[in-house]
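Notes follow once the structure below has been shown.
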Amino acid sequence: MKTVFGPVSSWRFGRSIGVDPLCQNVCSFDCVYCQVGPTLNKTIQKEIFISTDRIEEDLKRVLPGASADVVTISGYGEPTLAKNLDEIIEVIRGLTDLPIAILTNSSTLPLGKMRRTLRDLDIVVAKLDAYNYSLFEEINRPVKGLHFGDILKWIKKFKSSFEGRLELQTMFIEKNKDYAGELAKVAAEIQPDKVYINTPLRHSPEGHLSEDQMYEIEKHFEGLNVSSVCNSKKYRSYKEVLNGRSVQG
Ligand code: SF4
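What the sequence shown shows, in this note's numbering, is residues 1 to 249, in sequence order.
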């Protein structure tokens, strides 16, 4: 079991050391395109999946001498479901001066305690694949009790109070590609520090969009600070990613 991995090349952040506080497929969503497979434990209940001590041990092995730009908390599911996330962030801060990012599906943002924990980070990358309830249900297939309106409201509120960078990420597939304009409007309301537009380049039940389709989608986001997996040549070319080389996130 690897709780800390890398550094790996991330098309978002450069060289990233990954921290996985779950090490198992547990998530509040079961996205149709999920590249780690169908969610085995669909829940919004928090739990300690990996002890903070174990993560600290692994960080102490990987961090010294590692040439990296960022530490990214992510993994095989939704990292904010880790009950000890606040402790994990504190441990990372104590061991490195690198900025700390998290990739979240945004589902726990309506929880005040979670927003307080996320405020300790430098970068929060929040998932937003839909602009309305029905598309959210169709694509993200959330656990019962999650409401799209609440999540969207709290992404907006979090952005207005967060001192770090709030970035959005949208995975485009056949099901939402025709709603890029609507998604761009919602993104403009949020005014994120960056928008990542992505398509599932690794193995996914939904398949990926073509480069041409992604360029068309990108046009809708004009005026925002957009980074598309298609033009992230700084770290990897689209074709290299497509050829299956390992890329985090
Ligand atoms: S939020 Fe991420 S890990 Fe969870 S089902 Fe969706 S793609 Fe998979």
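All C-beta atoms, glycine included, are put in the ideal place defined by N, C-alpha and C.
Proximity test, Gly75 beta-carbon vs the ligand SF4 heavy atom, cut-off 6 Å | no
Reduced DSSP secondary structure (H/G/I, E/B, other) of Gln169 | strand
Proximity below 7 Å, CB of Phe148 to CB of Leu209 | no
Residue of Ile44, Phe13 and Thr39 minimising C-alpha distance to Met114 = Ile44
Cβ of Ser107 within 7 Å of Cβ of Leu146?
-> yes
Just the C-alpha distance for Leu103 and Tyr179, rounded to the nearest angstrom, thanks.
-> 23 Å
Own chain, CB closer than 6 Å to Ala130, minus 5 neighbours either side, in chain order | Phe136 and Ile139
Own chain residues within Cβ distance below 8 Å of Val229, not counting five before or after | Only Trp11, Tyr196, Ile197, Asn198, Thr199, Leu201, Met214, Tyr238 and Val241 meet the Cβ criterion.
Examine the Cβ distances between the stretch 63 to 73 and the stretch 24 to 44 and report whether three or more of them are shorter than 8 Å.
-> no
For Cys27, verify whether its CB is less than 6 Å away from any heavy atom of the ligand SF4.
-> A heavy atom of the ligand SF4 is found nearer than 6 Å to the CB of Cys27.
In chain order, what residues of the same chain have a beta carbon less than 6 Å from the beta carbon of Tyr133, not counting five sequence neighbours either side?
-> Phe148
Measuring CA to CA, which of Tyr33, Ile123 and Glu56 is closest to Lys2?
-> Glu56
Between the stretch 150 to 164 and the stretch 70 to 87, do at least 3 Cβ pairs fall closer than 8 Å?
-> no
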